[in-house]
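For reference, the structure is listed below as structure tokens.
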Ligand code: NDP
Ligand code: MG
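Numbering (the numbering used here), first residue to last: 80 to 463.
Next up, the structure:
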């Protein structure tokens with residue numbers, strides 16, 4: 080029996096790399112659903128190649144164009160955000176790959192878990208926003224959440240076969256394009272400079288998040304939820320070569336690391352084929368080409384948002400949701416040339432001061448928090 084995959088965000092960076100894995104193993108995988116937000120032409124092209132049962136275009140204004148493009152195919156076409164929650168819960172689906180970006184991924188993750196699907200998760204924002212809800216629904220059903228994020232996949236791989244709990248994890252960070260940029264120059268960095276990640280080619284939002292270290296902060300929060308670790312058990316080290324994808328330390332002092340070239344195909348395939356591995360291209364790590372692996376602490380002065388993420392995690396409630404929503408607005412404004420790079424931190428910190436704290440948020444509270452955070456972020460942006 081083939082594994083039936085609903086792939087959310089198929090037109091993005093992780094989505095396309097997931098389809099590479101499916102393309103290489105047609106005897107193992109079958110796609111039941113593909114989705115996009117705006118890029119309907121690319122979605123139609125993917126649908127013609129992979130022949131899913133359904134496609135979803137989140138932005139309803141492209142529904143007509145997509146339907147016409149697929150009018151000769153036996154493929155159901157849906158539009159709107161709510162359709163994403165419906166397709167993941169379909170009886171045919173075994174595994175949901177969530178490769179959406181941002182808050183938009185949270186409800187589909189929750190719907191997948193509630194429908195008892197295996198969730199292969201790239202959309203870290205799902206756990207940043209509502210980790211408590213998603214993990215408790217998964218625990219009720221004894222469902223694994225299979226991480227696609229490379230650091231979490233590394234930790235997951237290091238923990239495979241261990242019966243002892245880890246003492247701590249070390250999440251590695253490339254440091255992004257501004258690792259060596261002096262503080263006084265950060266005000267002037269351009270969108271093109273921020274989008275030029277030294278080691279990874281990814282979607283625009285996560286690339287900006289990587290440069291501010293918001294991404295690393297979100298990964299700390301993600302590690303907390305996925306592996307049940309306290310904030311003081313999660314350390315971050317800058318490792319500019321991006322060869323060690325993360326590490327786990329045990330009580331006896333042993334440290335296990337997962338190493339490899341920076342290529343997301345590996346964690347995607349590991350999540351889909353877990354617990355088995357399999358052949359995956361020719362790009363193998365050659366230590367002699369990478370003889371020096373270095374590690375250094377994060378400079379908290381130039382990258383204050385990593386500490387902000389730890390603070391949000393310790394505070395709990397809706398704090399991480401506020402950080403996420405305000406960050407999404409700030410990153411969009413920076414990409415559109417409306418604010419300076421250093422304003423991203425100002426927007427997030429301002430929103431965290433102004434949005435009401437909710438100690439035990441429900442799904443509705445998260446939706447309201449997300450809206451409030453964005454609204455306050457927009458007010459701050461307007462004054463930047
Ligand atoms: P991309 O921006 O490349 O792709 C995002 C996908 O989601 C696209 O298919 C896009 O559609 C769709 N989408 C965007 N917004 C919405 C929305 N509001 N509603 C519905 N669909 C939407 O992102 P990435 O692939 O880079 O990242 C996806 C997730 O994986 C993120 O959470 C990221 O943090 C995480 N991740 C990514 C890594 C990477 O290497 N790229 C590494 C580790 C984690 P359209 O194409 O039409 O815009
Ligand atoms: Mg990562």
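Beta carbons are placed, not taken as given, at the ideal position from N, Cα and C, and that holds for glycine.
Alpha carbon of residue i to alpha carbon of residue j, nearest angstrom
| i | j | result |
| --- | --- | --- |
| residue 449 | residue 274 | 25 Å |
| residue 158 | residue 142 | 6 Å |
| residue 264 | residue 361 | 40 Å |
| residue 364 | residue 329 | 25 Å |
| residue 256 | residue 370 | 22 Å |
| residue 149 | residue 180 | 25 Å |
| residue 226 | residue 343 | 11 Å |
| residue 386 | residue 145 | 44 Å |
| residue 169 | residue 156 | 14 Å |
| residue 189 | residue 152 | 30 Å |
| residue 406 | residue 424 | 8 Å |
| residue 83 | residue 209 | 26 Å |
| residue 228 | residue 463 | 33 Å |
| residue 126 | residue 237 | 36 Å |
| residue 183 | residue 331 | 41 Å |
| residue 335 | residue 154 | 46 Å |
| residue 297 | residue 307 | 15 Å |
| residue 346 | residue 118 | 25 Å |
| residue 139 | residue 124 | 18 Å |
| residue 276 | residue 286 | 7 Å |
Residue i beta carbon near ligand 2 (any heavy atom closer than 6 Å)
| i | result |
| --- | --- |
| residue 229 | yes |
Any non-hydrogen atom of ligand 1 closer than 6 Å to residue i Cβ
| i | result |
| --- | --- |
| residue 402 | no |
| residue 180 | yes |
| residue 94 | yes |
| residue 328 | no |
| residue 246 | no |
| residue 252 | no |
| residue 272 | no |
| residue 115 | yes |
| residue 203 | yes |
| residue 285 | yes |
| residue 90 | yes |
| residue 282 | yes |
| residue 343 | yes |
| residue 453 | no |
| residue 424 | no |
| residue 126 | no |
| residue 233 | no |
| residue 183 | yes |
Short Cβ contact (7 Å threshold) for residue i with residue j
| i | j | result |
| --- | --- | --- |
| residue 446 | residue 426 | no |
| residue 408 | residue 453 | yes |
| residue 459 | residue 429 | yes |
| residue 114 | residue 131 | no |
| residue 374 | residue 324 | no |
| residue 299 | residue 178 | no |
| residue 401 | residue 431 | yes |
| residue 187 | residue 163 | yes |
| residue 248 | residue 327 | yes |
| residue 222 | residue 303 | no |
| residue 266 | residue 419 | yes |
| residue 217 | residue 166 | no |
| residue 212 | residue 291 | no |
| residue 253 | residue 220 | no |
| residue 341 | residue 397 | no |
| residue 313 | residue 372 | no |
| residue 250 | residue 230 | yes |
| residue 337 | residue 100 | no |
| residue 377 | residue 315 | yes |
Residue i: CB within 6 Å of a non-hydrogen atom of ligand 3
| i | result |
| --- | --- |
| residue 140 | Among the ligands present in this structure, namely ligand 1 and ligand 2, ligand 3 is not found. |
message: When you compare the stretch 169-177 with the stretch 103-122, are there three or more beta-carbon pairs, one atom per stretch, that lie closer than 8 Å?
response: Judged by Cβ distances under 8 Å, the stretch 169-177 makes contact with the stretch 103-122, as three or more pairs qualify.
task: Determine contact between the stretch 130-145 and the stretch 195-207, defined as no fewer than three beta-carbon pairs at a distance below 8 Å.
output: no
query: Do the stretch 268-284 and the stretch 83-93 touch if we need at least three Cβ pairs shorter than 8 Å?
result: yes
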